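Chemist: The structure follows.
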Amino acid sequence: GENVEQHPSTLSVQEGDSAVIKCTYSDSASNYFPWYKQELGKRPQLIIDIRSNVGEKKDQRIAVTLNKTAKHFSLHITETQPEDSAVYFCAASHRSNDYKLSFGAGTTVTVRA
Amino acid sequence: NAGVTQTPKFQVLKTGQSMTLQCAQDMNHNSMYWYRQDPGMGLRLIYYSASEGTTDKGEVPNGYNVSRLNKREFSLRLESAAPSQTSVYFCASSTPARYGYTFGSGTRLTVV
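In structure tokens, the structure reads:
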């Protein structure tokens, strides 16, 4: 099955700086890559996603890039704010496995004021 | 429009006890999922149901059973709880067209 690896496991940034989280996946058939944000004690919530026919997608301060050849994708958060502090999960899925999401282990992001 | 509703939110069980976690969605989604979340291990799939009437094992199905009661409801049963099943359990639903999941608020289960 699909194996998603996520790095780093923890990330501390100064408010206003950028944060980058990287994920790799193993199954070349994967074609859907969402990112979830989970605040302490809350449910994961979808913040951005990208499909394999697109190399980059941006939504205000967050962006995701995808390199299908290398089988990796990344989340970029610019101008970080204290409310960006959370655990972020990447995931991958494809049609032939019923779109089941395989998740990375998560990155705990702390934004220092 | 409540989205995905899970009950209970918290539960403490003794080893060997049984219980059922309930999940219901009102978004007319075809697919439903049960995940467990443990520190440092992300979200691992226990069971899923691609459509009403079908269920399949995920990555960590041992010790669990599921029932897709109808299109709205997907329950997870622990027949004989073990301390290794202490975790936070999330139910989720999706449609293929949407791809992304909508998660319930989670059930924090402790087995002593």
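Those sequence lines, one after another, are chains U and E. Using this note's numbering, the letters of the first sequence correspond one by one to residues 380 to 492. Using this note's numbering, the letters of the second sequence correspond one by one to residues 6 to 117. Cβ coordinates follow ideal geometry from the N, Cα and C atoms, glycine included. Computed from a predicted model, the values in this text were never measured in an experiment.
Is Tyr40(E) closer than 8 Å to Ala97(E) when the C-beta atoms are compared?
Modeler: yes
Chemist: Based on DSSP bridge pairs, tell me the residues matched to Thr448(U).
Modeler: For Thr448(U), which the question treats as bridged, DSSP gives no partner whatsoever.
Chemist: Rounded to the nearest angstrom, what separates Pro66(E) and Ser391(U) at their Cα positions?
Modeler: 35 Å
Chemist: Please tell me whether Ala492(U) has its Cβ less than 8 Å away from any Cβ of chain E.
Modeler: no
Chemist: Looking at the C-beta of Ser92(E), does it have a partner C-beta in chain U at a distance below 8 Å?
Modeler: no
Chemist: Between the stretch 50 to 65 of chain E and chain U, which residues of the former have CB atoms less than 8 Å from a CB of the latter, in chain order?
Modeler: For the stretch 50 to 65 of chain E, which is checked against every Cβ of chain U, the residues closer than 8 Å are Leu50, Tyr53, Ala55, Asp61, Gly63 and Glu64.
Chemist: Say whether the stretch 12 to 30 of chain E touches the stretch 415 to 433 of chain U, bearing in mind that this needs 3 or more beta-carbon pairs closer than 8 Å, one atom from each stretch.
Modeler: no
Chemist: Spell out whether any CB of chain U is found under 8 Å from the CB atom of Ser98(E).
Modeler: Taking Cβ atoms only, chain U never reaches closer than 8 Å to Ser98(E), which makes this a no.
Chemist: Let me see if you follow: with CB-CB separation under 8 Å, is Leu48(E) close to chain U or not?
Modeler: yes
Chemist: For Gln393(U) and Asn410(U), what's the separation of their Cα atoms in angstroms?
Modeler: One C-alpha to the other measures close to 33 Å.
Chemist: So Ala484(U) and Ser388(U) are supposed to be a Cβ contact under 8 Å. How far apart are they, rounded?
Modeler: Contact holds; Cβ gap of about 7 Å.
Chemist: Leaving out five residues before and five after Glu78(E) in sequence, what residues of the same chain have Cβ atoms less than 6 Å from its Cβ?
Modeler: Ala29
Chemist: Step through the CB atoms of chain E and report whether any lies within less than 8 Å of the CB of Lys479(U).
Modeler: Taking Cβ atoms only, chain E reaches closer than 8 Å to Lys479(U), which makes this a yes.
Chemist: Determine which residues share a DSSP beta bridge with Thr403(U) and list them.
Modeler: Glu384(U) and His451(U)
Chemist: Is Tyr69(E) closer than 8 Å to Leu81(E) when the C-beta atoms are compared?
Modeler: yes
Chemist: Our contact map puts Ala465(U) next to Lys401(U) with C-beta atoms below 8 Å; I'd like the distance itself, whole angstroms only.
Modeler: Ala465(U) to Lys401(U), Cβ: 17 Å. No contact.
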